[in-house]
Structure formats: structure tokens, C-alpha cells
Amino acid sequence: MPGSRTRGFVTGKLAAPALRRLLDNLEPELDFKPVVIELNIDVAALMTTDWVARKLEIGPEIGSLVLPGHCTGELDVIEKATGVKTERGPKDLRKLPVHLGSKPVEEDYGTHDIEIIAEINHVPQLDPKAILAQAKSYGADGADIIDLGCDRGGPFEAIGKITGMLRDEGFRVSVDSFNSREIELAVSSGAELVLSVNSENIDVARSLGCEVVLVPDENATLGGIDENVNKLESWGAAYRIDPVIEPIGFGFAQSLGRYLEIRKRYPDTEIMMGIGNLTELTDADSAPINLLLLGFCQETGIRSVLTTEVIHWASSSVRECDLARKLVHYACTGGHLPKHREAKLHLLRDPNLLEHGTKALEEIAAGIRDRNFRLFAENGEIHAISSAGHIQGKDPFEIFKQLSVDDPSHAFYLGYEMAKAVTALTLKKNYVQDEALNWGFLTRPEKSHLDRREELPEK
504 MPGSRTRGFV TGKLAAPALR RLLDNLEPEL DFKPVVIELN IDVAALMTTD
554 WVARKLEIGP EIGSLVLPGH CTGELDVIEK ATGVKTERGP KDLRKLPVHL
604 GSKPVEEDYG THDIEIIAEI NHVPQLDPKA ILAQAKSYGA DGADIIDLGC
654 DRGGPFEAIG KITGMLRDEG FRVSVDSFNS REIELAVSSG AELVLSVNSE
704 NIDVARSLGC EVVLVPDENA TLGGIDENVN KLESWGAAYR IDPVIEPIGF
754 GFAQSLGRYL EIRKRYPDTE IMMGIGNLTE LTDADSAPIN LLLLGFCQET
804 GIRSVLTTEV IHWASSSVRE CDLARKLVHY ACTGGHLPKH REAKLHLLRD
854 PNLLEHGTKA LEEIAAGIRD RNFRLFAENG EIHAISSAGH IQGKDPFEIF
904 KQLSVDDPSH AFYLGYEMAK AVTALTLKKN YVQDEALNWG FLTRPEKSHL
954 DRREELPEK
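Remember, the working numbering sits 503 above the position in the sequence shown when you count from 1.
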């Protein structure tokens, strides 16, 4: 039939751009012509075959159809409606090349355009060595600029020396101060950005020769922003605007609206968001907060964020922002959902819970012929399986009593593994014997007991 070499790929609005790019890259390797059929639904995973059969209209050139992997229902419903062979593709779009018998296409993942400014707080109170160590840590985690936070009551005369030290080490530097003397000392030593100016100290920007962050005189009304933008423009001074995000309970929602308002007033002006006002002042782990705020920034064209790591629960914020900016760029510029792409941000629970199932565990138990224990954590229980039997339960102490282990080294090993198993059950994580639990980018690799035995010196 004339259309047999044309294959239609059914999808929704959100996935269509990514699918088109993927198929365009694959087409030279395929023995058929791929055609994207975009239906009037945002999320392809919500499709059912009954719905597709009612909505789908195809031309005579289409010889077969490929549905999204998550599309539920009977395929023959569509085949009867269209008269063409229909199959499901993979649930993960990235696996489509393999599904089609081609080599996987490397994705352009990792690109980003949000700058991370990482603040070292209370610089006047710190030893220069501590400042340098913190800067190196921030830099390794992805910071683009090291921000030197000064204290009120200055000037801190050594700020110039500290700035110069960091510049000599190759760092880009900003200074966080309203004190004109501190600002001048830092800029003369190489600082490229000043946080912040408003009507009280804006005159310092006239002759600085470096970029400043403009904040409102009054946050709620954006007071002074328009007048001070005009001044900075007339002086030819580089600037970016920070409307200032407020903590939850103190005007958070309205402050997000102010960022939208500034973007509306100044569509081409650089904007910065100080996200530490949320991560440092909210009783929750910082990673998901950082991700959501950077998603907001990506969608609104906010190209720099200021963060810090003072409070314990935000002590990895810079690294979180580095991972988050790549994910949100991938989502916003490529038309992808931000899921199944950045496993390093799954810090508490695993992306998928994989279980063997009761039948499989029974088969494993029936097939074991030695007394070495195989440990599993499934369905709320720890399972210890060997040729001696299948012991299971919720309490590792009770299980251990039944194992009859006398060797101290083996007892320690089993205790360590069962502790990991209990943690996995508590947090609904995957447990694999002799492997580290997955904590995203915080995972600490561990050697199995077999590897450690091989490293023991011969007696």
C-alpha cells in the first residue's frame, strides 16, 4: 500500500516539539518516513485508546501508528477506527531510538543560562583562609560569582584585600553592601557587581564603572524603581533589578507578582532573584524550593539568582541550583516535562520503586543452595533468604535473632545491611544488597564486603 512506509507518531502538545526534533535526527537512519500527529491534549500520558480513536484523523499516506507508551486501552479500537496497524512506543521518549532499532541520540542536556551568585555571609567576621575555602567549595558546586556579604556598621577596610585575593584565585566577585566606602574598595580590587543600590546610595553607581543591583525603596510598591532606572540609564551604568522576594507569610505571593510586573515594565532588562529569602527562611529541605524558584526564573527570563548556605537544611543550595538550572532550561527551551531527566535531584525518594514481588522472592528462596544470606526490603518487610530458610519481618533485631550468626564480622555486615534496608523501607526507597542507597547527588559510593575482603593484606 502507498502509505506503508509512512509511520504516524501520535502525541500531545507538550511532547510534540521534542518528538519532532528526535524524529528529525533519526529520519536518515530509518526505513520509513516519520510523521508527528499532534492531538489536542497537553499531556500525552493522559490519552486513552478510546479517546484517540474518536479524535484521530489520518490521511491515506499513513501506513502504521505509534502511540505514547502511557496511552491506556486496547489497540484494536484504533486499528478498527483507522484501518492501520497500531503499536505502543516506549513510556520514555528517550528510549524511542532503541525501540525503533536505531542508536540513541545524545541529548543536548546540561545547557543553562541562569547565573548563580553564591553569598559568603559576614565576611568581616571570617578569616581569609575560611573565605577562600568557602569560595572554592561554592565554585566546585557550580557558583558563577562569589558574593562577599558585609555587615552593617562598616566600612570593612579589608574588603578590597579579600576581593583581590579571590580575583587572584580566578573567581568572579560581587560585593553585598550599602556602604559606599566598602563598595568602592571592592570594585577597585576587581568586584564586578554591587548588591545593592536604591535611592539612599544610588549616587555611588554614577562613577563605579561596574554593574549594580537595583532594589526598591519600598518593596510592596516597587517605590523608586522607575526613577532610579532613569538615573542609571542616563549615567550609562549597567544594572539589573531585584524586586525582592518575600518569605512565606510576609507577602510571598505578591512578591512573585512584582517580578512579573518588572518583567512587563522592562522586557529586556536583566533581573536577579535572591532565593535565599525562601530557602533560608522556610522549614523544609531546600532542593525542591530551589527547583521551583529557578523554574519561575527560567520562564520569566530572570537570568541570575543569589543564594547562600547558612542554615543547615540549605547547606547544599548551590549544587541544587546548578542541577535545577539545567533541568528548567531543558524543560522550558525544549518543550519537555521536567521529569525522568535529573535523577540527582531525587534526594529523599528514588525516581522509581522497583520490587521483585512475592512470587519472585519465593522462587529465589527455592533456588538458593548455600547458607549466604540474600537480603531484600519489600512490601514493608526485610527478607533474609538462604538455604536455611526465608526469614522476614519488620524488626531487624528480631530477624537477627533467627539468623544464628556467631562470626562478629559477618554479624556486623548483616547489621549494617539491615540498617540500610530499614532506611529504605522507611523512605520507600530501593534497597540492593552491597550497594549504597540512592540519595541523588548526595549519594556516597560504598564498597561491597567482597571488595573489602579482596583488599585485605595476606597473612
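Note that beta-carbon positions come from the ideal geometry of N, C-alpha and C, so glycine has one too.
Cα-Cα separation between D873 and H573, rounded to whole angstroms: 42 Å
Own chain, CB closer than 8 Å to G838, minus 5 neighbours either side, in chain order: In chain order, L517, A518, A519, P520, A521 place their CB closer than 8 Å to the CB of G838, counting only its own chain and leaving out the 5 sequence neighbours on each side.
Proximity to E582 [Cα-Cα], best of Q801, A846, A621, T552: T552
Cβ pair count under 8 Å reaching 3, the stretch 636–650 against the stretch 666–676: Yes: at least three Cβ pairs fall under 8 Å.
Pairwise C-alpha distance: N793 and S758: 16 Å
Limits of the beta strand (DSSP E) - the one that M775 falls within: For M775, the enclosing beta strand (DSSP E) stretches over residues 775–777.
Distance between beta carbons of E858 and E881, contact taken as under 8 Å: Between E881 and E858 a beta carbon distance of about 5 Å is seen, short of the 8 Å cut, so the two are scored as contacting.
Nearest residue (CA-CA) to V707, options F659, A689, A723: A689
6 Å Cβ shell around N682 - same chain, five flanking residues per side excluded: G657, P658
Where the alpha helix (DSSP H) through S758 begins and ends: 755–768
Sufficient close CB pairs (3 or more, under 8 Å) joining the stretch 772–780 to the stretch 738–754: yes
Beta-bridge pairing of P537 - partner residues as DSSP gives them: R510
contact_flag[the stretch 832–848, the stretch 613–624] where n(CB pairs < 8 Å) is 3 or more: Short answer: they touch.
Y742 - partner residues in DSSP beta bridges: V715
Close beta carbons around H602, own chain, < 8 Å, minus the five adjacent residues each side: Cβ neighbours of H602 beyond the five flanking positions: G592, P593.
For R768 and N624, the rounded distance between their alpha carbons: 32 Å
Inter-residue CB distance, R877 and K932 (contact presumed, cutoff 8 Å): Contact doesn't hold; Cβ gap of about 18 Å is too wide.
Local conformation of E961 per DSSP, three classes: With a pLDDT of only 46 at E961, under the threshold of 50, the placement of this residue in the model should not be trusted; the figure read from the coordinates follows. Coil, per DSSP.
Contact between the stretch 935–954 and the stretch 916–927 (3+ Cβ pairs under 8 Å): yes
Close-in-space but distant-in-sequence residues of the same chain around E695 (CB under 8 Å, 5 per side omitted): I648, R675, V676, S677, C713, E714
Proximal residues to I634 (C-beta, below 7 Å), its chain only, five neighbours per side dropped: I623, V626, I665
Assigned exposure category for K606 - 16 Cβ within 10 Å defines buried: Confidence at K606 is low in this model, with a pLDDT of 49, below 50, so its placement is unreliable and the value that follows should be read with caution. Exposed, since its Cβ has fewer than 16 Cβ neighbours within 10 Å.
Anticipated Cβ contact below 8 Å, A817 with E783, distance rounded: 6 Å
Identity of the residue in H849, I885, I871, R597 nearest R524 by Cα: Selection H849, I885, I871, R597 evaluated against R524 yields R597 as nearest (Cα-Cα).
Limits of the alpha helix (DSSP H) - the one that F799 falls within: 789–803
Q637 in three-state terms, based on DSSP: helix
Other residues of its chain near L906: CB distance less than 8 Å, five sequence neighbours each side excluded: F876, A887, I894, L917
Residue range of the alpha helix (DSSP H) that includes F900: Its alpha helix (DSSP H) spans residues 899–906.
Beta-ladder partner(s) of H893, from DSSP: I888
L522 - containing alpha helix (DSSP H), residue span: 519–529
DSSP bridge partner residues for F944 (one or two, in chain order): Answer by DSSP bridge pairing: none, since F944 is not bridged.
Boundaries of the alpha helix (DSSP H) in which S691 is found, first to last residue: Boundaries of the alpha helix (DSSP H) around S691: 683–691.
Local Cβ density within 10 Å of L526, reported as buried at 16 or more and exposed below that: That one is buried.
Proximity of V821 and C800 at Cβ, strictly below 9 Å: no
For G892 and A869, the rounded distance between their alpha carbons: Distance between the alpha carbons of A869 and G892: 9 Å.
Beta-carbon proximity check, A547 vs T514, cutoff 9 Å: yes
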